[in-house]
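Asks:
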Amino acid sequence: MAEEALQQLAQSLGAHLAEGTIPPAQAPHVETLVRQLTQPVRLTVMGPPGSGKSTLVNLLIGASALAPVRNLPTIEVVWGDTACCICTLPDGRERRMAAFDAATVASLSPRFVRIELPLPALRKISVMELALPSEQAEVERALSWAVGRTDIALWCTQRFGAGERLVWSGVDEAMQDHAYLLLTKADTLVANGTLDPTLAQLRAGADQFRHVLAIATTEAIAARRADGSIDREQLTRSGGRALIAAIMRDIDMGRDAARDRAELVLHQFGQPVQAKVAAPSAAAVVAPAPKPAPLILTEPLASPAPKIVQPRRPSPRPATATHTPQPVVPARPVVPQKGTALREICEPALGRIARHGREADATMRAAGASGLARLAEDTAALVQWISDHLDGAPSGAPGLVELREAAFDAADLVQLMQLEGGPATLGESLSLLIQLKHEIETALARSEVAIPAAFTPAARFGAPMAQT
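Under full-length UniProt numbering, read the sequence shown as residues 1 to 468, first letter to last.
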């Protein structure tokens with residue numbers, strides 16, 4: 001498992017730190033790597049009052065945790081085994097409550113609020129809504145404080161006027177490099193026909209942002225059904241899918257970069273003497289970090305076209321160690337014919353799907369909750385591997401372009417499902433994998449390539465899986 005590999009890297013780095021083998025000058029860098037490998041990625045939502053920050057937080061965490069009430073301080077939402085709300089009062093004391101109630105919290109005039117919730121998304125991300133003071137000097141201080149607690153920044157706006165541009169121009173470059181400009185309440189702009197000119201105006205002065213996206217946040221939240229499944233068309237139409245897919249790509253790119261740097265450190269210093277050290281506890285994972293360096297991502301992606309739905313791009317991530325390409329022996333010798341190149345590209349994917357189906361069947365028979373959660377993760381990883389595999393294949397094979405589009409589509413959706421969690425995650429992920437398998441088989445049939453016997457309908461994993 002990729003996650004287990006990251007944990008093992010973090011344990012080895014932690015052991016080096018405990019043994020004192022890391023030079024003092026490099027120790028802070030290694031401590032940051034441990035955090036990046038083990039703790040949720042920290043998202044900070046900011047912007048002027050009334051710009052839709054609280055609604056966006058609710059979309060990201062997959063629950064209605066915050067109410068859009070003014071005069072509240074900075075609020076951080078993190079993972080917790082049980083729900084609670086902790087208010088830091090002006091005198092430094094803490095007031096703990098069983099749940100967040102906006103009116104009650106506002107009456108306490110706290111300096112900071114921390115909400116802990118047992119939501120699946122919060123195992124991958126923590127989200128902070130930053131309250132910006134009215135005084136310019138206090139705004140600069142708040143943003144400077146947030147830099148050390150932010151990996152990805154999201155600035156919500158309706159127009160990104162001169163005042164907002166002035167505030168953002170003073171933000172540390174480390175935050176600007178990993179920031180999104182979000183035109184919120186886009187459904188209203190669509191209704192009155194002003195979305196395109198508004199986005200064009202934003203983009204003219206938004207070169208300090210990694211992405212510029214428009215989103216109808218309320219519509220995106222409504223795309224999540226009560227049973228945990230997702231109305232995909234509505235999520236796409238709202239811009240929610242483009243936003244979450246971009247965030248998940250950046251998260252994975254950052255983890256990949258941290259993994260590569262961690263491996264370089266271990267290559268330099270070797271394996272630690274200790275067999276392993278204890279992985280960080282859940283409490284450590286969600287505790288406020290003492291201003292570590294921001295997450296370092298790879299080169300920025302190209303900015304999307306100015307519309308709600310951002311065009312998909314090939315995933316920039318390399319295949320992980322969990323799902324590296326493996327050669328699949330054909331059922332019979334390959335005879336040169338029309339479409340053979342596509343068959344050679346697709347056989348490794350079909351082989352992995354077949355193996356996954358057999359393993360999934362055994363896991364589902366056992367029916368353990370942890371096993372089913374792991375199966376959902378493995379399914380998501382396989383869909384992403386297929387997308388990466390097709391992306392890296394030589395171009396020119398008939399039908400390959402269409403297959404890549406289908407795989408990118410499936411990878412975006414499965415990333416969203418993994419972030420949201422919920423009872424429908426496994427079934428929807430398996431459904432996407434089955435659909436992707438069908439797309440591959442159809443493309444092979446159209447290119448007049450006989451599908452090997454190992455991949456005939458009798459060996460498909462689709463039928464039993466679709467019933468889950």
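All C-beta atoms in this analysis are idealised placements derived from N, C-alpha and C, irrespective of residue type, glycine included.
Between which two residues does the beta strand (DSSP E) harbouring Leu43 extend?
Replies: The sequence position of residue 43 within the sequence shown is 43, counting from 1. Note, Leu43: beta strand (DSSP E), 41-46.
Asks: How many angstroms separate the CA atom of Arg35 from the CA atom of Leu372?
Replies: Within the sequence shown, numbered from 1, the residue matching residue 35 stands at position 35. Within the sequence shown, numbered from 1, the residue matching residue 372 stands at position 372. One Cα belongs to Arg35, the other to Leu372, and the distance between them is close to 27 Å.
Asks: Tell me the rounded alpha-carbon separation between Ala376 and Arg241.
Replies: The sequence position of residue 376 within the sequence shown is 376, counting from 1. The sequence position of residue 241 within the sequence shown is 241, counting from 1. Taking the straight line from one Cα to the other gives about 19 Å.
Asks: By how many angstroms is the C-alpha of Ala354 removed from the C-alpha of Arg343?
Replies: Position 343 of the sequence shown, counting from 1, holds the residue named residue 343. Position 354 of the sequence shown, counting from 1, holds the residue named residue 354. The straight-line gap from Cα to Cα measures roughly 15 Å.
Asks: Which residues in the same chain have their Cβ closer than 8 Å to the Cβ of Cys346, if we skip the five residues on either side of it in sequence?
Replies: Working through the sequence shown from its first residue, we reach residue 346 at position 346. These residues qualify, in order along the chain: Leu403, Ile440, Ala443, Leu444.
Asks: Taking the alpha-carbon of Ala102 as reference, which of Leu66, Gly62, Ala246 has the nearest alpha-carbon?
Replies: Here residue 102 corresponds to residue number 102 of the sequence shown, with the count starting at 1. Closest by alpha carbon: Leu66.
Asks: Should the stretch 69-78 be called in touch with the stretch 171-185, which here means at least 3 C-beta pairs below 8 Å?
Replies: no
Asks: Within 10 angstroms of the Cβ of Leu117, are there 16 or more other Cβ atoms? Answer buried if so, exposed if not.
Replies: As a first step, residue 117 must be located in the sequence shown, where it is residue number 117. With 16 or more other Cβ atoms within 10 Å, it is buried.
Asks: Among Ala397, Ile434, Ile61, which residue has its Cα nearest to the Cα of Leu382?
Replies: Here residue 382 corresponds to residue number 382 of the sequence shown, with the count starting at 1. Answer by Cα proximity: Ile434.
Asks: What's the gap between the Cα of Phe269 and the Cα of Pro394?
Replies: Within the sequence shown, numbered from 1, the residue matching residue 269 stands at position 269. Within the sequence shown, numbered from 1, the residue matching residue 394 stands at position 394. Roughly 38 Å between the two C-alpha positions.
Asks: In the DSSP assignment, the alpha helix (DSSP H) including Arg35 goes from what residue to what residue?
Replies: By 1-based counting over the sequence shown, the position of residue 35 is 35. Taken as a continuous stretch (DSSP letters only), the alpha helix (DSSP H) holding Arg35 covers 27-38.
Asks: For Ser134, write down the residues that DSSP places opposite it in a beta bridge.
Replies: Counted from its first residue, the sequence shown places residue 134 at position 134. Bridge partners of Ser134: none, in fact.
Asks: Less than 7 Å between the C-beta atoms of Val41 and Glu129, yes or no?
Replies: On the sequence shown, residue 41 is found 41 positions in, with the first residue counted as 1. On the sequence shown, residue 129 is found 129 positions in, with the first residue counted as 1. No; because the gap between Cβ atoms is not below 7 Å, this pair is not in contact.
Asks: By how many angstroms is the C-alpha of Pro272 removed from the C-alpha of Glu31?
Replies: By 1-based counting over the sequence shown, the position of residue 31 is 31. By 1-based counting over the sequence shown, the position of residue 272 is 272. C-alpha of Glu31 to C-alpha of Pro272: approximately 15 Å in a straight line.
Asks: Span of the beta strand (DSSP E) holding Arg111?
Replies: Walking along the sequence shown from the start, residue 111 turns up at place 111. Here Arg111 belongs to no beta strand (DSSP E), and DSSP marks it neither H nor E.
Asks: Assuming the contact rule is C-beta atoms closer than 8 Å, Ala245 and Gln415 should be a hit. Round their C-beta distance to whole Å, please.
Replies: Within the sequence shown, residue 245 is the residue found at index 245, counting from 1. Within the sequence shown, residue 415 is the residue found at index 415, counting from 1. Rounded, the Cβ-Cβ distance is 6 Å, consistent with contact.
Asks: Closest by CA to Asp388, which one among Asp412, Asp227, Leu6, Ala341?
Replies: Residue 388 sits at position 388 when you count from the first residue of the sequence shown. Closest by alpha carbon: Asp412.
Asks: Report yes or no: do the stretch 161-176 and the stretch 194-209 share at least 3 C-beta pairs separated by less than 8 Å?
Replies: yes
Asks: Taking all protein chains shown into account, do 16 or more other C-beta atoms lie within 10 angstroms of the C-beta of Gly50, making it buried, or fewer, making it exposed?
Replies: Taking the sequence shown and counting its residues from 1, the one referred to as residue 50 is at position 50. Label assigned to Gly50: exposed.
Asks: Please say whether Ala222 and Gly239 have beta carbons closer to each other than 7 Å?
Replies: In the sequence shown, counting from the first residue as 1, residue 239 sits at position 239. In the sequence shown, counting from the first residue as 1, residue 222 sits at position 222. Contact: no.
Asks: Which residues bound the alpha helix (DSSP H) around Ala257?
Replies: Taking the sequence shown and counting its residues from 1, one reaches residue 257 at position 257. It spans 240-269 - the alpha helix (DSSP H) in which Ala257 sits, taken as one unbroken run.
Asks: According to DSSP, which residues form a beta bridge with His211?
Replies: As a first step, residue 211 must be located in the sequence shown, where it is residue number 211. Tyr180, per the DSSP bridge assignment.
Asks: List the endpoints of the continuous alpha helix (DSSP H) containing Thr157.
Replies: As a first step, residue 157 must be located in the sequence shown, where it is residue number 157. Not the alpha helix (DSSP H): Thr157 falls in the beta strand (DSSP E), residues 152-157.
Asks: Let's test the definition: count the other Cβ atoms within 10 Å of the Cβ of His438 and tell me whether it reaches 16, buried, or not, exposed.
Replies: Within the sequence shown, numbered from 1, the residue matching residue 438 stands at position 438. The residue in question, His438, is exposed, as its Cβ has fewer than 16 Cβ neighbours within 10 Å.
Asks: Please classify Arg365: does DSSP put it in a helix, a strand, or coil?
Replies: Here residue 365 refers to the residue found at position 365 of the sequence shown. Looking at Arg365 - three-state DSSP - the assignment turns out to be helix.
Asks: Got a sec? Which residues, its chain only, sit under 7 Å from Leu59 by beta carbon, not counting five neighbours each side?
Replies: On the sequence shown, residue 59 is found 59 positions in, with the first residue counted as 1. Within the same chain, Leu59 has close Cβ partners Thr217, Ala220, Ile221, Gly240.
Asks: Relative to the C-alpha of Leu108, which residue among Ala83, Leu72, Arg225 is closest?
Replies: Counting from one through the sequence shown, the residue named residue 108 turns up at place 108. The option with the nearest alpha carbon to Leu108 is Leu72.
Asks: Give me the residue from Ser54, Cys84, Gly254 with the minimum Cα distance to Thr157.
Replies: As a first step, residue 157 must be located in the sequence shown, where it is residue number 157. Closest by alpha carbon: Ser54.
Asks: List the residues that DSSP assigns as beta-bridge partners of Arg96.
Replies: Taking the first residue of the sequence shown as 1, we reach residue 96 at position 96. DSSP output for Arg96 lists Ile86 as bridge partner(s).
Asks: Using alpha carbons as the reference points, say which of Ala99, Arg255, Arg70 lies closest to Glu4.
Replies: Stepping through the sequence shown from its first residue, residue 4 is reached at position 4. Looking at the Cα atoms, Arg255 is the closest of the given residues.
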